[in-house]
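Enquirer: Going from the sequence shown to my numbering is simple: count from 1 and add 8.
Beta carbons are placed, not taken as given, at the ideal position from N, Cα and C, and that holds for glycine.
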Amino acid sequence: MPLPHYELMHELQRYIDEDVGAGDLAVPILPHCSVAGNFTAKQAGVISGINIPGDVYQLLGDRANYTPLVADGDQVVAGTTIGRVTGNAQDLLAGERVILNLLQRMSGIATATQQAVLTLGNAEVGIMDTRKTAPGLRPFDKYAVTCGGGINHRMGLYDAVMIKDNHWPLIGDLSTAVQRLRQIIGPTKIIEVEVATPAQLATAIASQVDMILIDNQSPAVMQDWCQQIPAEIKTEASGGITLANLAAYAQTGVDFISLGYLTHSVDALDISFNLVG
């Protein structure tokens with residue numbers, strides 16, 4: 009789910025303001041000359057955010073010429089030069105950290121997502137992200153998931169309803185709550201319900217929700233519950249699912265598997281920037 013470009017530029021400007029502030033204090037010792045630099049992937053992985061350097065340089069004064077050498081979603085090997093830039097030395101060094109912070113994080117997310125998709129080995133089951141993202145980085149995090157072959161769950165509380173464990177004690181009768189929500193939000197937004205017991209499962213099915221989230225259950229229980237859910241209700245599995253047991257959950261009949269670690273426990277891909285020549 010890529011950001012509209014004007015929103016992307018707004019966010020990047022905030023990150024530049026955070027890092028550069030009133031100005032780079034090292035500028036007085038830097039020459040006013042044109043230099044060249046390479047962005048290099050120092051480990052194998054999936055690239056995401058490849059166009060960010062060009063946007064950052066534009067915001068810093070548009071005195072650099074950046075050329076991406078790969079595309080978002082590309083798998084690269086260690087040592088691959090993924091982008092080149094020539095331009096004002098001060099701008100290239102001022103933008104280095106903002107660019108690398110985003111490129112490394114996003115590529116790490118994309119790499120982890122692809123690893124999960126390949127480990128799953130089942131094209132009929134989708135790997136989804138969650139709202140467990142870094143504050144201020146959700147659009148970037150979720151876009152990176154798509155670069156790795158994953159699927160975006162809701163972007164926030166505003167674009168889909170999920171009745172979770174902490175909602176159950178507060179809403180009273182689920183069927184009544186669902187009917188009321190249908191009247192309020194209309195037919196275009198889905199209603200998903202998290203279930204943790206057989207009784208909650210039966211209630212969710214009877215309420216004719218759009219999607220049921222089965223949380224923290226074993227593959228055997230997951231399979232049994234999925235068989236009880238009508239085909240028109242989509243199913244999602246979450247909780248305690250790792251690369252080690254992912255294949256087992258893929259065989260349960262579930263439609264989607266959500267993995268919070270894709271974005272809340274990011275291992276950044278090692279990407280460097282170095283001047284050349």
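Mapping DSSP to helix, strand and coil, what is Gly180?
Expert: coil
Enquirer: Beta-carbon within less than 6 Å of Ser215's beta-carbon, same chain only, minus the 5 sequence neighbours each way: which residues are those?
Expert: Leu182, Ser183, Val186
Enquirer: Would you mind sorting Val229 into buried or exposed? The rule is 16 or more other CB atoms within 10 Å of its CB.
Expert: exposed
Enquirer: Kindly indicate which three-state DSSP category Arg92 falls into: helix, strand or coil?
Expert: strand
Enquirer: With DSSP collapsed to three states, give me the class of Gln83.
Expert: strand
Enquirer: Would you call the segment 97-112 in contact with the segment 57-68, where contact means no fewer than 3 C-beta pairs closer than 8 Å?
Expert: Touching, per the Cβ criterion.
Enquirer: Contact between the segment 115-128 and the segment 150-162: three or more CB pairs below 8 Å?
Expert: yes
Enquirer: Curious, which full-length beta strand (DSSP E) runs of at least 3 residues does the segment 199-275 contain?
Expert: Along the segment 199-275, the beta strand (DSSP E) occurs as fully enclosed runs of 3 or more residues at 199-203, 219-223, 242-246, 264-266, listed in sequence order.
Enquirer: For Gly95, count neighbouring C-beta atoms within 10 Å of its own C-beta (all shown protein chains included) and say buried if the count is 16 or more, exposed if not.
Expert: buried
Enquirer: Would you say Ile198 and Asp223 are within 8 Å of each other, going by their C-beta atoms?
Expert: no
Enquirer: Which of helix, strand or coil does DSSP assign to Val169?
Expert: strand
Enquirer: Just verifying my parser: in three-state terms, what is the DSSP assignment at Asn109?
Expert: When secondary structure is reduced to three states using DSSP, Asn109 falls in the helix class.
Enquirer: So, are the CB atoms of Leu270 and Glu244 less than 8 Å apart?
Expert: no
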